[in-house]
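Asker: The sequence shown lines up with residues 411 to 518 when you count with my numbering. Glycine included, C-beta positions come from ideal geometry on N, C-alpha and C. Below you'll find the structure I mean.
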Amino acid sequence: MASKWRIFRKPIIAREDMVNAITKATIILHNFIKKSEKNAGVRYYCSASDIDKTQNCDWTQSEIGALAPIGHTGSNMHSKNAKIIRNKLKDNFSGEGAISFQYDRVLR
């Protein structure tokens, strides 16, 4: 996502709810553009040659300062805040909000 959306190339300075809104909006736009291009038969946003490639794609060549490797920084125990965020994500993507085909897509 960072190769297509500049806002993800550096840390976002905003409240948690605003970061969540920005992330959701970019995911919605990303999915909309991909679906629109698929129906139109023309791909500029994510070309067929970029799919499943790990070399020579623009996303592999771009430097993403916000995601620089930091190495091992301490114990393997996560913080209480990390646990809360992980559980929010888990609840969002699993259970009642899950859609029928999501597991087929992930496990194929």
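In three-state terms, what does DSSP make of PHE511?
Answerer: The count along the sequence shown starts at 1 and reaches residue 511 at position 101. Coil at PHE511, not helix or strand.
Asker: Considering only C-alpha positions, which residue in the set GLU426, SER413 and ARG416 is nearest to LYS498?
Answerer: For the purposes of this step, residue 498 is taken as residue 88 along the sequence shown, with counting starting at 1. Checked all of GLU426, SER413 and ARG416; the closest Cα to LYS498 is GLU426.
Asker: Distance, Cα to Cα, PHE503 vs ILE422?
Answerer: Taking the sequence shown and counting its residues from 1, one reaches residue 503 at position 93. Taking the sequence shown and counting its residues from 1, one reaches residue 422 at position 12. In a straight line, the C-alpha of PHE503 is about 23 Å away from that of ILE422.
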